[in-house]
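Residue numbers (the working numbering): -11 to 93.
Note that the Cβ used here is the ideal one computed from N, Cα and C, for glycine as well.
Predicted model only: the values in this text are computed from it and were never measured.
Down below is the structure, laid out as structure tokens.
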């Protein structure tokens, strides 16, 4: 009797561990997709920043808002791109920290 009860407990424990592993794998896959998206966005924004740095101060810069191009000041465009780069970099760092924490668990 105690052997069958021990086997049931062992099987239940094994199923719980398998479920935990499955959840962890899903979280890792989700974080990987998000990290990939942010990495691509970071590269695109760095290219935009390089292009903006090549422009003269009196150059016309336009921002796409919906279906409309709106004229924007070069300094404002530069500041916006830098803020986006800072935000994306912070998100990438946060995701890497999450992944490192889950890898230790």
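Q) So, is the C-beta of residue 50 closer than 9 Å to a C-beta in chain B? A) No chain B appears in this structure, which consists of one protein chain only.
Q. Between the C-alpha atoms of residue 47 and residue 35, what's the straight-line distance to the nearest angstrom?
A. The sequence position of residue 47 within the chain shown is 59, counting from 1. The sequence position of residue 35 within the chain shown is 47, counting from 1. If you take the alpha carbons of residue 47 and residue 35, they lie about 18 Å apart.
Q: Could you pull the start and end residues of the beta strand (DSSP E) that residue 57 belongs to?
A: Position 69 of the chain shown, counted from the start, is the residue given in the question as residue 57. It spans 56 to 60 - the beta strand (DSSP E) in which residue 57 sits, taken as one unbroken run.
Q) Counting Cβ pairs closer than 8 Å, one from the stretch 81 to 91 and one from the stretch 11 to 30, do we hit at least three? A) yes
**Q.** Opening and closing residue of the alpha helix (DSSP H) in which residue 30 lies
**A.** Within the chain shown, numbered from 1, the residue matching residue 30 stands at position 42. Unbroken alpha helix (DSSP H) run through residue 30: -10 to 42.
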